[in-house]
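Numbering (mature numbering (1 follows the signal peptide of the UniProt record, and there is no 0)), first residue to last: -20 to -1, 1 to 766.
Structure, as structure tokens:
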């Protein structure tokens, strides 16, 4: 029934231009940063590795995005052109620098794969993306072939079954293919990429016929001095590649092998089995049940550092998929390390993302199993990074947090996962505190529509009404207010109908219902200007989108309607079927209430410069009067906004208020929502106080037992919707917080509104992105209070 209704809604949805051919699954700001990042380079540094990880992973994300949307514009370039430019930077070189280095990956195998794998995957994607490959010259393409062959040589030497050496191809760096994933993942990915790039048989022919002198001449011809310096750092390496034999570095275990002049196999798997090779890495990496407190001595265990909350364990505790390095070992004994866990996934996600976009990820039990485990592992990793994690590695304390991971390109790695792979399944059917989740629904979704900021009431005839804004993007110039209706307590919903659509951007759409059935719709209309779009942060939206919007707001019709911007209140006396009598009145994102004496009361913020204003009227049609102000107590660091009100049976009126950071930062740790109350019908109000609950904006409703229920969006990881209850509107921490959802892909979510459909049964409606949509949808959760 739900799927059929969603199909109907999609067919009936309001028309918006999608520009689907130029869209990517990544946020524009992330794409802009990736494109603007300088191209990566490599160097030969004896006995170690030179890496530029953020730049390397930025290139990798650009490659994935370019395959999806090569002509997508970012600034003054396209994704295809950006990728080609980044590749050319290290394929070409003006010659060795003062240290004898060029720019290409040095192809040493093993742990060099931290960054070499991203280069190999980017080259493969470029070859598989015609719009990119055509931008490379024939010489560039030849250089790409030589580099991929060199990387494959490194992988054969360090990973192949034919060789068991304890060094990389520099002849001195200690390594073994049985070691932890961060040593192995990269060149396993390189071999998968090289097999696809050349074809398995052709690559094996290259190995069988490999001649060091001939290939060395190719390296000299293209000027790949990094590789030459690496492979010739120790004279024995050329002979080992050709013929194998024993090799032992002083102080290292002995090694032996037969060289690379035979077809490559890894754990008995051939180059014709790329998915099986990938599974050897994925099965190990996501092989643990999630744990937070891992003992590394008789007295000490790993722990969270409480950067974001007072949590002591991961919300994914016990679920399968925790990253291997959170419970592994090293020369110092036990290892449980956020840093090492990230090192593994930063390599792994590049291979996984390429398999996804090149359609080589099977839709079978093995593919779905890895996706489920990866979802838990990545979500658990991100949670621990947000909180900070103190663990143990190499015989000493190892403490890291999200800032450390971002310094190594985590924004790009996490962006790959969020865009291409499903999030974890909901944490539990138990929402905590004894509440039970009954199910989640999508009420309205359309890939071309940005649907957001819902309001919810029950009309006097029993219908449930949800209004929301339907627009193209968050800051598009022409939002409109639509309504969907349920006549069966929220089980099914009608197709959307437009109830207010001026030439301007109509967005807020709060609903108030009076005891006599009269409904009020509070609308805020924004008149965008060309200057407002010019002032947006660079990369906020594609340049062609901004140009189109700018043209729209400059049309005579749009300019003539500018006098209609601001607050409006419309009235319906037929259960929301028609709306008339538009008058000026207060803004209200969720709506207001009607007091026992018939007074209409609403809390507003749009024109109050960081404070909250209380407005009253005898009827919905006004006149509306500003009767009180609730001032923010921290005007230099916090502004109030998006309030909502409810009245309890004893007459107390409670207003709940969003706290917004100055300057804007929706991740700041002190963004609790606030409360104030009135015991004299809204004439005077208590000093505002923090609820102690983090999230925004809050909605409050009075339950049948007299308690208050607040629901609010949770815009930090794990993203989702939450709820809290209070007996008096003052203490919101006497009972546990309820986690309604924790599976949203990012922070673009929230504005939940709730209604008690029957005693103890709650319907909460909100907006967030479903797994299948780049734009948010209107969604709902049915749940029971304890």
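Where a beta carbon is used, it is the ideal one built from N, C-alpha and C, also for glycine.
Going by beta-carbon coordinates alone, are residue i and residue j separated by less than 8 Å?
i: residue 148; j: residue 92; result: yes
i: residue 460; j: residue 486; result: yes
i: residue 168; j: residue 40; result: no
i: residue 705; j: residue 627; result: no
i: residue 313; j: residue 375; result: yes
i: residue 231; j: residue 225; result: no
i: residue 447; j: residue 423; result: no
i: residue 698; j: residue 415; result: no
i: residue 657; j: residue 634; result: yes
i: residue 112; j: residue 63; result: yes
i: residue 9; j: residue 523; result: no
i: residue 690; j: residue 712; result: yes
i: residue 533; j: residue 500; result: no
i: residue 51; j: residue 57; result: no
i: residue 36; j: residue 98; result: yes
i: residue 541; j: residue 484; result: yes
i: residue 598; j: residue 612; result: no
i: residue 693; j: residue 701; result: yes
i: residue 176; j: residue 71; result: no
i: residue 333; j: residue 44; result: yes
Note down, in chain order, each residue of its chain lying with its Cβ closer than 7 Å to the Cβ of residue i, except the 5 sequence neighbours on either side.
i: residue 338; result: 108
i: residue 66; result: 19, 39 and 42
i: residue 570; result: 435, 490, 624, 679 and 733
i: residue 402; result: 351, 355 and 751
i: residue 295; result: 363, 407, 698 and 722
i: residue 163; result: 90, 91 and 155
i: residue 739; result: 684
i: residue 506; result: 484, 485, 487 and 545
Three-state secondary structure (DSSP) at residue i?
i: residue 506; result: strand
i: residue 480; result: strand
i: residue 139; result: helix
i: residue 107; result: helix
i: residue 639; result: strand
i: residue 161; result: helix
i: residue -16; result: Because residue -16 carries a pLDDT of 36, less than 50, the predicted location of this residue cannot be relied on, and no value is offered for it.
i: residue 517; result: coil
i: residue 146; result: coil
i: residue 585; result: coil
i: residue 699; result: coil
i: residue 736; result: strand
i: residue 532; result: helix
i: residue 98; result: helix
i: residue 18; result: coil
i: residue 306; result: helix
i: residue 357; result: helix
Apart from the five residues on each side of it in sequence, which residues of its chain come closer than 6 Å, Cβ to Cβ, to residue i?
i: residue 364; result: 318
i: residue 707; result: 687
i: residue 379; result: 370
i: residue 328; result: 165 and 265
Nearest CA to the CA of residue i: which residue from the options?
i: residue 547; options: 202, 178 and 490; result: 490
i: residue 153; options: 307, 420, 26 and 474; result: 26
i: residue 770; options: 555, 342 and 663; result: Beyond the ends of the chain as shown, which are -20 and 766, falls residue 770; an answer cannot be given.
i: residue 137; options: 653, 602, 223 and 724; result: 223
i: residue 492; options: 512, 142, 552 and 451; result: 552
i: residue 335; options: 173, 764 and 388; result: 173
i: residue 587; options: 622, 496 and 359; result: 622
i: residue 197; options: 236, 130, 513 and 53; result: 130
i: residue 675; options: 450, 78 and 650; result: 650
i: residue 244; options: 304, 209, 180 and 235; result: 180
i: residue 94; options: 753, 440 and 388; result: 388
i: residue 211; options: 759, 330, 86 and 535; result: 86
i: residue 563; options: 215, 456, 270 and 600; result: 600
i: residue 696; options: 272, 444 and 288; result: 288
So what does residue i bridge to, in DSSP terms?
i: residue 186; result: Beta-bridge pairing links residue 186 to no other residue.
i: residue 627; result: 633
i: residue 431; result: 450
i: residue 721; result: 701
i: residue 652; result: 674
Go through its chain and collect everything with a Cβ distance to residue i's Cβ below 8 Å, but skip five positions before and after it.
i: residue 453; result: 430, 521, 525 and 755
i: residue 286; result: 367 and 368
Closest Cβ-Cβ distance between residue i and chain B: below 8 Å?
i: residue 256; result: This model lacks chain B altogether, as it is built from one protein chain only.
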